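All remarks here apply to the structure that follows.
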Amino acid sequence: MPPVTTRSKDEPKLSRPVRVAEAIKDWVVEEGLSAGDRLPGETELIQRFGMAKGTIREAMRILEAQGLIKTRTGPGGGNFVHEVSRQRAKALLGNYFYFQDLTIGDIYELRLALEPRLAASLAGRLPEEALERLEATIAEYAEPSHDLEEEREQHIASLRFHAILAEQAENRLLGFVIDFMVNLLSDLTVYRKLYSPPNTELWSKGRDYQTRLLMALREGDGPAARAIMKAHMRTAWSLMQGQEAEVERRFITEWRGS
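Quick note on numbering: the UniProt record's numbering labels position 68 of the sequence shown as 68, and the sequence is numbered without any gaps.
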């Protein structure tokens, strides 16, 4: 039976159900259980972990909230190991960063480090279906926006281009991190209204970089794909920081005038 570990005096104290939930996760890994495998019943868990029924039930609720187990009722029901979806993992991680006051610079610093590497690795290796999706995405912002609503939609679509690339990453961790950053930037753009005022230069240069990048990916030119993506990230970083500064300036102006 895996021990219900304790923390040193310098670490935050965890409640008993949380410690039991962690011990159950460790046990699942040690036993080599996979998604869909049934967990022991409540009585066996009580004996295995030496905890009261209420503690075990609360630990299971914690694991279910984390998306790590799924409970089924009725005949053949019980608690089963569940694989956390990519979308849920991004949402849970996003909840943490929601309160961290991230800046455009924080996100683009990582994008600049990771996305050129991804682009180079995908050159000449993307299936036609992915290339067509990238091409269709670029077509969604073929012309400058006519109003703020369209501007917002174009920002989101242009970021989806990068999410499609992230889906194709052979390194699943690299793909997830980039996909998460794209998702984070999309949310940041919307709730901080970084798409206002419309920025024609951002639209024009972004679309040009993506068009040239798609060509390099089709042709299997890794060095060109890396260089184009790097220039794309640097330019977008600079222009988006300008959007961020404009939003802040506008907020201060409105606050002083109120």
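Glycine included, every Cβ here is placed at the ideal spot set by N, Cα and C.
Note that the structure is predicted; figures quoted are calculated from it, not measured.
- Counted as a single uninterrupted DSSP element, the stretch harbouring threonine 71 is not any alpha helix (DSSP H) but the beta strand (DSSP E) occupying residues 69-72.
- Between methionine 240 and proline 116, the CB-CB gap reaches or exceeds 8 angstroms.
- Residues of the same chain with a CB within less than 8 angstroms of the CB of glutamate 201, apart from the 5 flanking positions on each side, are Leu239 in chain order.
- The DSSP-derived three-state label of phenylalanine 49 is helix.
- For asparagine 79, the pairing in a beta bridge is given by DSSP as Thr71.
- The three-state secondary structure of arginine 192, taken from DSSP, is coil.
- Cβ-Cβ separation between leucine 114 and valine 177: approximately 7 angstroms, consistent with a contact (criterion under 8 angstroms).
- Secondary structure of arginine 125 (DSSP, three-state): coil.
- The C-alpha of isoleucine 156 is placed about 20 angstroms away from the C-alpha of alanine 231.
- Excluding the 5 residues flanking it on each side, isoleucine 24 has same chain C-beta neighbours closer than 7 angstroms at Ala59, Leu63, in chain order.
- By the Cβ rule, the stretch 144-162 does not count as touching the stretch 68-77, because fewer than three pairs are nearer than 8 angstroms.
- With a contact defined as Cβ atoms closer than 8 angstroms, lysine 205 and threonine 235 qualify at about 5 angstroms.
- In the same chain as serine 145, and ignoring 5 residues on each side of it, the C-beta atoms closer than 6 angstroms to its own belong to Glu151, Gln154, Pro198, in chain order.
- Excluding sequence positions up to five before and after proline 40, its CB lies within less than 8 angstroms of the CB of Arg48, all in the same chain and listed in chain order.
- Distance from the Cα of isoleucine 104 is smallest, within the candidate group Asp187, Ser15, Ala119, for Asp187.
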